[in-house]
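See structure below.
Number of protein chains: 2
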Amino acid sequence: MTDYREKYLEMLKIVEQKIDEYVKFKHPTSIYEPFRYIMDSGGKRIRPMLAMICCGAVCGEPERALNGAVAIEILHNFTLAHDDLMDNSPFRRGRQTIHLKWDEPTAILTGDVMVGCAYALLPNFEQNRSASRIYEEFTKALIVVCEGQALDMEFDRKPSVVLADYFEMIEKKTAALLTASAAIGARCGDADEDLLKLIKEYAWNLGIAFQLQDDLLDLTADEANFGKKIGQDIIEGKKTYLILKANEKALDLESRKLLDNFYIHHGLPEEKVPAVRAMMQQYGVFNDIATEIDSFYRIAKSNLEKLPQSEYKEMLCWLTDTLLRRNY
Amino acid sequence: MTDYREKYLEMLKIVEQKIDEYVKFKHPTSIYEPFRYIMDSGGKRIRPMLAMICCGAVCGEPERALNGAVAIEILHNFTLAHDDLMDNSPFRRGRQTIHLKWDEPTAILTGDVMVGCAYALLPNFEQNRSASRIYEEFTKALIVVCEGQALDMEFDRKPSVVLADYFEMIEKKTAALLTASAAIGARCGDADEDLLKLIKEYAWNLGIAFQLQDDLLDLTADEANFGKKIGQDIIEGKKTYLILKANEKALDLESRKLLDNFYIHHGLPEEKVPAVRAMMQQYGVFNDIATEIDSFYRIAKSNLEKLPQSEYKEMLCWLTDTLLRRNY
């Protein structure tokens, strides 16, 4: 397979430039400074890139999706600003979170103004005849992402979470925004309904696989490149696929004790992480999740195969492989 | 002048029904229950009513603006949910605020999903050919209201606020959303640009007068009907028109001491409220604000006069008089 890294980085530069140009230090700086801070703090920019490439895959001119792509990246960062506050997370991408570097009201209000600034970037009807559909995709994503975060928070208080609940949550919290990114990109490229359906299915499957991969990496990543502590989800008491699957399968006394402690204390101390990892290994949970990831990955790839031939289609194949084969 | 109270209440019923019908207990209830709670807690519904009547004033069919009107009311309530949390206010309209009845993350996330639900109500291009303009008005209002709240919060930390800062803040925090309400109503009624300009000017002037009136009522309202404590702004250290004007005018030693204490301690104890009121009286500050209110009121009324004759134009005149002559 061709390596699209160089072409990807070229396109990424255009996205970064647009972000940089749009997110100015406007007045009042008390909200626009933290807005710029969070947008400047890096991140993989997967969502805007997905929008750009999907636009290319249906029409050949990715830059038609540029504003929509940046709108989605702003929406994504808005969710991070508010989620970090709600979860009381001190760091994100190796930097202090907004509510810690400034304060809680600033994190709330910065997130709020970001939503407005994201909407302000979406094309109007004079710029794109699918403007109403693009707005609808964007609004649906905003609503569903909030619902996903609500479910995620409910999980903390609810002992009886099962895998079906988990899949509903990641569908809303992760897959929905990736699907919206792809759909908005394709809409900006005037995709017909058949192409659009394929693109959305692709992105949805990619999104689920991507989140499962994220869960898996929490316990198996190469710590030096990962950017966060190994076992963070276990320490924080997150009910990920791994925990829920282990809870279904583990029967021996020691494993039950470990899991019961995880549930009762909403997480485990760091020194218990190796034991959790050994238990996952023992019960084949890492194999289970790898099988799941592979299954969503295959569907995503088969969706892509049905797209008309183009270098952007190839680029989506390359991106999908790159994202789902990362080990950090 | 005809009393439009009955007709107003009829229209209000339609707005309330639409709110009731739209804001359902959806899943997950952890956010849709507080969403319904805040929408159910009353309020004057001035913004959606303004949208409906302004639509009537340009086209004669107010119900064309119904969805947009409800979208604005949801946006307004979103700002209340987040402002109450940022200001740490325990009560709103005589009921516990969301962050107190539930918790802070719930107040944040409920506000966020409300923004999405508000956007979801705006007409698309198939429903209204001004859809893109309506979206733009709405987005601008969202951004500007956040900027207004940011300025308001900056005021708390800034000793040197002057009346010009105050006017910028209320323009953004209050007048912008009333202007958007009127503009969206008029857009839903396919107003031409001249009519639109008049309607927006009217609402802007009404908004400024309304906020000044609110500041005045804090110290002069009839407490039994007011629904909040007299002098609350003074107790909370809010830099309202009254305080800023008094700070410009008051020179005697006792008044300076009172004002310096207000500035240093970010507010005064309740027992100092009568002294503040006496000082305002002494320096003619109540007269000053009454003159300001009257001046914006007159401009608003003269904007209305230029509208084509209709019962909705009359209704706007009646509403303007009712709002600006209230004593609670």
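Chains as they are written, first to last, in our numbering: chain F, 1 to 328; chain U, 1001 to 1328.
From the three backbone atoms N, C-alpha and C, an ideal C-beta is built for every residue, glycine too.
When C-beta distances to chain F are compared with 7 Å, every residue of the segment 1308–1328 of chain U stays at or above that value. In this chain, W102/F is not harboured by any alpha helix (DSSP H), its DSSP state being neither H nor E.
Here the alpha carbon of A1183/U sits roughly 13 Å from the alpha carbon of A1071/U. For Q1232/U, the enclosing alpha helix (DSSP H) covers residues Q1232 to E1236. Chain-ordered, the chain U residues with CB closer than 8 Å to the CB of F125/F read F1125, A1131 and S1132. Residue contact check for E136/F against chain U: a CB pair falls below 8 Å. Remark: C-beta atoms of A175/F and G207/F approach each other more closely than 8 Å. Of all residues in the segment 1140–1157 of chain U, those with a C-beta nearer than 8 Å to a C-beta of chain F are K1140, L1142, I1143, C1146, E1147, Q1149, A1150, L1151, M1153 and E1154, reading in chain order. Contact between F138/F and A180/F holds: their C-beta atoms lie close to 6 Å from each other, under 8 Å. Counting along the chain, the unbroken alpha helix (DSSP H) around D1165/U starts and ends at L1163 to I1170.
Excluding five sequence positions before and after E1236/U, the CB atoms of its chain that fall closer than 7 Å to its own CB belong to G1267, given in chain order. Annotation: the continuous alpha helix (DSSP H) that includes E1147/U extends over A1131 to R1157. With respect to chain U, the C-beta atom of S30/F has a partner C-beta closer than 8 Å. For R1036/U, the enclosing alpha helix (DSSP H) starts and ends at T1029 to D1040. Identification of chain F residues near C1117/U by a Cβ-Cβ cut-off of 7 Å yields I143, ordered along the chain.
Contact annotation: L1177/U and R1092/U have beta-carbon atoms that are not nearer than 8 Å. For a cut-off of 8 Å, the C-beta gap from G189/F to V58/F is around 4 Å, short enough to register as a contact.
Against chain U, the beta carbon of M86/F has neighbours under 8 Å at E1104, P1105, I1108 and L1109, listed in chain order. For A180/F, none of the residues of chain U pass the 9 Å Cβ criterion, the least Cβ distance being about 12 Å.
Residues of the segment 59–91 of chain F with a C-beta atom less than 7 Å from some C-beta of chain U are H82, L85 and M86, listed in chain order. Residue state for R326/F is assigned as coil, using DSSP reduced to three classes. Nearest CB-CB separation between A120/F and chain U: below the 8 Å threshold. Looking at the DSSP output, R92/F bridges to R95/F. The criterion of a C-beta distance shorter than 8 Å is not satisfied by A209/F and L196/F. By the C-beta density criterion, T1320/U is buried, having at least 16 other C-beta atoms within 10 angstroms. Taking a cut-off of 8 Å for Cβ pairs, the segment 1026–1042 of chain U and the segment 238–246 of chain F do not touch, as fewer than three such pairs fall below it. D112/F has a beta carbon lying within less than 8 Å of a beta carbon in chain U.
In the displayed model, T220/F falls within a helix according to three-state DSSP. By the CB criterion at 8 Å, T1079/U and V1145/U fall inside the cutoff. The count of Cβ pairs closer than 8 Å, one atom from the segment 1035–1042 of chain U and one from the segment 1093–1103 of chain U, reaches three, so the stretches are in contact.
When only Cα atoms are considered, M280/F and M86/F end up about 29 Å apart. Nearest C-alpha to D84/F among D152/F, R64/F, R133/F and A120/F: D152/F. Pairwise C-beta distances place the segment 286–295 of chain F out of contact with the segment 251–266 of chain F, as fewer than three of them are shorter than 8 Å. Sequence-distant partners of G1148/U (beyond 5 residues in either direction) whose C-beta falls short of 8 Å from its own C-beta, in its chain, are M1169, I1170, E1171, K1172, K1173, T1174 and A1176. By the Cβ-count criterion, S1255/U is buried, with 16 or more other Cβ atoms from all chains shown falling within 10 Å of its own Cβ.
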